[in-house]
Each structure stands twice: as C-alpha cells, then as structure tokens.
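Single-structure report; data block below.
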Amino acid sequence: MAKVTDLVAELAAPIARAQGCTLWDVEYVKEAGSWYLRVYIDKEGGVSIDDCEAVSRPLSDALDEADPIEGSYTLEVGSAGIDRVLRKSEHFAAYLGSEVEVKLYRAWEGKKEYVGLLRGYADGNVTLEEGDGTVTFEKKDIAQVRLYVRF
Numbered sequence: 001m002a003k004v005t006d007l008v009a010e011l012a013a014p015i016a017r018a019q020g021c022t023l024w025d026v027e028y029v030k031e032a033g034s035w036y037l038r039v040y041i042d043k044e045g046g047v048s049i050d051d052c053e054a055v056s057r058p059l060s061d062a063l064d065e066a067d068p069i070e071g072s073y074t075l076e077v078g079s080a081g082i083d084r085v086l087r088k089s090e091h092f093a094a095y096l097g098s099e100v101e102v103k104l105y106r107a108w109e110g111k112k113e114y115v116g117l118l119r120g121y122a123d124g125n126v127t128l129e130e131g132d133g134t135v136t137f138e139k140k141d142i143a144q145v146r147l148y149v150r151f
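The opening position of the sequence shown corresponds to residue 1 in the UniProt record's numbering, with each subsequent residue numbered one higher.
Here it is as structure tokens:
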C-alpha cells in the first residue's frame with residue numbers, strides 16, 4: 001500500500017497544475033494530538049491566499065471522494081515559502097548553487113547548523129561549500145535542509 005503522502009500527491013498535483021501552480025510537497029503529521037495534512041504549492045512570482053484557496057477546495061472534494069486517510073485530519077494548503085524545505089532530489093537540483101541551511105541531528109565539530117552554498121546532492125548526502133572548503137553531510141545525520149534567507 002502506498003504512503004498517504006504519495007496518494008495525496010497524486011491527487012493534488014493535477015489540481016495544483018490546473019490552478020497554475022506546482023505541487024512542492026505533502027506532509028502528514030501529528031501535532032498536539034491532531035493530524036494535519038499539509039500540501040505545499042509553488043508558483044512563479046509567488047503563491048497568494050487565492051491560489052491556496054483555489055487548490056484547497058477541489059482538493060478537499062477529491063480527498064473526500066478518494067478517502068485515502070482513515071480518521072479525521074485538518075487539510076492545510078500553503079506556499080512552499082522562501083525558506084522552503086528541500087526534500088526531493090528535484091528540489092536539490094533546482095537550487096544547486098543557492099545558499100542553504102543544513103540542520104543536523106547531532107553536533108558535528110561543535111555545531112548542529114551549517115549555512116553555505118549547495119554544491120551537491122547524491123543519495124541523500126548533501127555537499128556544502130562553507131568558507132574555504134566543502135563538507136559533505138550524510139543522509140543519516142541530516143535533520144533538515146532548507147533555503148537560507150538573509151534579512
């Protein structure tokens with residue numbers, strides 16, 4: 001049986017496309033005793049609240065019809081954001097050369113967070129250019145990778 005997120009992605013992608021958006025990611029998480037189904041969309045020029053609503057309504061209907069999730073949950077449709085999380089190989093490919101933040105499960109050389117230019121991604125391992133050199137973090141050590149935004 002496919003994962004809930006994969007099933008939802010199959011339903012959400014064409015709906016997002018029909019609204020001029022792309023599907024960025026889907027997550028199904030339990031927070032404070034409640035389940036949340038989060039669908040992240042992207043669009044050239046940015047995602048508006050109207051875009052989120054335009055995807056949410058038909059997606060909600062499609063989910064009701066397909067019923068891929070047992071029990072109750074809250075559906076949230078939102079923008080991937082400027083500090084978007086990179087999870088899939090296509091995410092990493094799209095942002096090679098961009099500044100990212102890598103968060104680790106455990107400290108490495110005294111730090112759990114590294115910021116640098118994304119120089120590579122292979123088999124879940126992330127290579128970062130930091131300072132004068134590069135460092136590669138193994139998939140098993142990485143908690144999260146997201147675009148880094150300087151204010």
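Don't be surprised by glycine CBs; every beta carbon is placed ideally from N, CA and C.
Boundaries (first-last residue) of the beta strand (DSSP E) holding residue i
i, result
"Asp25", "Thr22 to Glu31"
"Leu75", "Thr74 to Ser79"
"Val126", "Asn125 to Glu130"
Proximity below 7 Å, CB of residue i to CB of residue j
i, j, result
"Arg38", "Glu76", "yes"
"Glu101", "Arg146", "yes"
"Thr5", "Tyr36", "no"
"Leu11", "Ala62", "yes"
"Leu104", "Asp67", "no"
"Cys21", "Ile49", "no"
"Tyr148", "Leu118", "no"
"Ile15", "Val55", "yes"
"Leu128", "Gly116", "yes"
Per DSSP, the bridge partner or partners of residue i
i, result
"Gln144", "Lys103"
"Arg38", "Glu27 and Glu76"
"Val85", "Arg146"
Per-residue burial, residue i [other beta carbons within 10 Å of its own, 16 or more giving buried]
i, result
"Val29", "exposed"
"Gln144", "exposed"
"Val126", "buried"
"Gly45", "exposed"
Span of the alpha helix (DSSP H) around residue i
i, result
"Leu7", "Val4 to Ala18"
"Arg150", "It is not in any alpha helix (DSSP H) - Arg150 carries neither H nor E in the DSSP assignment."
Pairwise C-alpha distance: residue j and residue i
i, j, result
"Glu120", "Lys112", "For the record, residue 120 in the displayed sequence is Gly; it is not Glu. Answer to the nearest angstrom: the Cα atoms are 19 Å apart."
"Glu27", "Arg87", "11 Å"
"Gln19", "Asp51", "7 Å"
"Glu130", "Glu65", "49 Å"
"Tyr114", "Thr134", "11 Å"
"Trp24", "Gly78", "10 Å"
"His91", "Lys43", "14 Å"
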